[in-house]
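S.K.: One structure coming up, written as structure tokens, with questions to follow.
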Amino acid sequence: MGELTDKIKGNVNEMIGKVKQHSDDPATRDEGAGQEVKGKAQQTIGKVKGALGDDI
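For the sequence shown, this note's numbering assigns the number 247 to the initial residue and increments by one for each residue that follows.
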């Protein structure tokens, strides 16, 4: 995946995770927290790829 793709997927996962955290279901809230962390990680990977090039 390219830099832009990782950043977009990261943003989407982070937003969905934040929405899920407002659920009444504890399992969904936990899932949302994990998805938000995943999104932040994807964004970081996108930034690294941008700095080093998409070939990594």
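Cβ coordinates follow ideal geometry from the N, Cα and C atoms, glycine included. Since the model is a prediction, treat every value here as computed from it, not as a measurement.
For GLN281, report the span of its alpha helix (DSSP H) as first-last.
M.R.: Taken as a continuous stretch (DSSP letters only), the alpha helix (DSSP H) holding GLN281 covers 272-298.
S.K.: Is the stretch 289-300 touching the stretch 267-276, taking contact as three or more C-beta pairs under 8 Å?
M.R.: No: the two stretches stay apart, fewer than three of their Cβ pairs being nearer than 8 Å.
S.K.: Output yes or no for whether 8 Å exceeds the beta carbon distance between GLU282 and GLU260.
M.R.: Yes. Within cutoff.
S.K.: Among the residues of its own chain, which have a CB less than 8 Å from the CB of LYS286, if the five just before and after it don't count?
M.R.: Within the same chain, LYS286 has close Cβ partners GLY256 and GLU260.
S.K.: For GLU249, which residues of its own chain have a beta-carbon under 7 Å away from its beta-carbon, when the five flanking residues on both sides are left out?
M.R.: So the list reads GLY292, LYS295, GLY296 and ASP300, once near-sequence residues are dropped.
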